[in-house]
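Report on one structure; see the data block that follows.
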Amino acid sequence: MRDDFPGLAGGWHYLDSAATAQKPQVVIDATVRAMGADYATVHRGVYARSANMTLAYEAARERVAQFIGGKADEVVFVRGATEAINLVAQSFPKKGRVLLSVLEHHSNIVPWQLAGWQVDVCPLTADGCIDLDAAEKMLTPEHTMVALAHVSNVLGSTLDCTRAADLAHRVRARLLLDGCQAVPRMAVDVAALGCDFYAFSAHKLYGPTGIGALWGRAALLEAMPPWQGGGSMIDKVSFERTTFASAPTRFEAGTPAIVEVLALHAAIDFVESIGLAAIHAHETRLVGQLREALRARNDITLFGPEDAAGIVSFAMDGVHPHDLGTILDEPGPDGTSVAIRAGHHCAQPLMAHLGVSATARASFGLYSDADDVAALMAGIERTRRIFG
Ligand code: PMP
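Rendered as structure tokens:
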């Protein structure tokens, strides 16, 4: 696998795939084609190149829909999960109370605050999962939205989505799932999960930056007013009165990210050619190996559940995560270095809950292997020798 990823050349131990995944050559090739020989605008041209681009752009929408179990007219192309959540927070017509959780990424907290929602916060269980027993007690008819991470970007904990959907629907609230960390590492079927909105970014799914998708139930999207005005999202414009296109076009003002959309299509084809079940099993094995190796030391605190999905957060006694990350970035005896993430991971409320200012986080991708785990453990030992 690693040979398919130019970004991994030189034996780099890249353990920051939860931040963004490296790109396979097929995605790079699709980008070059879309930006080169095939390039033209979409939805407007009368010439063949533009008509073909439009077909390819809409085919990518079909592909995204198929990938997550929805319908094409329920898929809105957005800049990423952040924009998807901002769109719902601003445009959902029944702004009321929203139930979030302690482990949410800032991009699933701040948009609700900015849009004027009343925010309630569901606690976590001892092992770092969203406590749905508590959610059940907290939810009231005033809640019109529940917005939760499908998989935590810090702890790797996975939400029981069907139960969350059931709890939300009992009080007639809608469930939005932040799927950023789920789509790259497990098969997602929005119909089976029972959610109402699903958001993800392409760049964590081995695709490009600047593109992502919001899936929403057709009736809900249709009831939502536009949130940005401009070209493409209209039906008729006059100075007296403007009418709007139907969803999803209504939410895609301006010339879209044509090249990125086509590259996302290639990324989905790539990931599905390997299979999400295989990727999940592979990453789960690596998480098990890493947690076991870390637990064998007496200077490490592990966060998150045993069955974490692809992500392991930890703290090292007496060593700030930034120092650990910096030392790991220096080449070891074999000349290779290890990239981990150190910081608050855009989850400051979760850091406060854990009682730390930062954690060290290793996260896996489909190209990660046991050598990466071994290199990380060797780097931790090197760090211990430096810090004593
Ligand atoms: N939610 C989660 C769980 C994430 O991990 C991330 C990215 N770190 C985001 C939301 C935001 O994604 P983006 O920055 O691509 O919009």
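Following the working numbering, the numbering of the sequence shown begins with -17 at its first residue and continues without gaps. Yeah, the Cβ is synthetic: ideal placement off N, Cα and C, and Gly gets one too. Predicted, not measured: the structure shown is a model, and the values here were computed from it.
By the Cβ test, the stretch 299 to 311 is not in contact with the stretch 47 to 64, since fewer than three Cβ pairs between them sit closer than 8 Å. In the structure shown, S183 falls within a strand segment according to DSSP collapsed to helix, strand and coil. The alpha helix (DSSP H) runs lying completely inside the stretch 164 to 215 and spanning 4 residues or more are 172 to 175, 200 to 204, given in chain order.
Not one heavy atom of the ligand PMP lies closer than 8 Å to the C-beta of A174. Linking V301 to L258 through their CA atoms gives a straight-line distance of about 36 Å. Assignment of R26 by DSSP, reduced to helix, strand and coil, places it in the coil class. Assigned with DSSP and collapsed to three states, H88 falls in helix. Relative to the ligand PMP, K218 has its C-beta separated by 8 Å or more from all heavy atoms. For C328 and V28, the gap between their C-alpha atoms comes out near 45 Å.
Contact check for V165 against I293 fails: the beta carbons are separated by 9 Å or more. In the DSSP assignment, R277 falls within the alpha helix (DSSP H) that extends over 258 to 277.
Under the three-state reduction of DSSP, F74 is assigned to coil, being neither helix nor strand.
In the three-state DSSP reduction, V14 falls in the helix class (H, G or I). About 5 Å separates the Cβ atoms of G51 and V172, confirming a contact at the 8 Å cut-off. Remark: the C-beta of C162 is in contact range of the ligand PMP, defined as less than 8 Å to any heavy atom. Shown here for A41: same chain residues with a beta carbon closer than 8 Å to its own, the five before and five after excluded, namely H247 in chain order. Here L96 is exposed, its C-beta having fewer than 16 other C-beta atoms within 10 Å.
S214 has its Cβ no nearer than 8 Å to any heavy atom of the ligand PMP.
Per DSSP, the beta-bridge partners of F59 are A195. In this structure, the CA atom of F74 is about 8 Å from the CA atom of L202. Exclusion of the five residues before and after D217 leaves T225, F226, A227 as the residues of its chain whose Cβ lies within less than 7 Å of its Cβ. Distances from the alpha-carbon of P123 to those of H264, H335, G78, L82 put G78 closest. Look at the beta carbons and you see the stretch 173 to 189 touching the stretch 144 to 164: at least three pairs across the two are nearer than 8 Å.
Distances from the CB of K53 to the heavy atoms of the ligand PMP are all 8 Å or more.
Taken through DSSP and simplified to helix, strand or coil, Q7 comes out as helix. Taking the Cα of A131 as reference, the smallest distance to any Cα among L85, L149, W94, Q100 is reached at L85.
Contact annotation: A184 and G286 have beta-carbon atoms that are not nearer than 9 Å.
In the DSSP assignment, H151 falls within the unbroken alpha helix (DSSP H) covering 143 to 152.
Under the criterion of beta carbons closer than 8 Å, S139 and G110 qualify as touching, at roughly 5 Å. The way I'd put it, the stretch 272 to 279 doesn't touch the stretch 178 to 197; fewer than three beta-carbon pairs between them come closer than 8 Å. A distance below 7 Å between beta-carbons, with the five flanking residues on each side excluded, links E234 to the following residues of its chain, in chain order: V58, F59, S214, M215.
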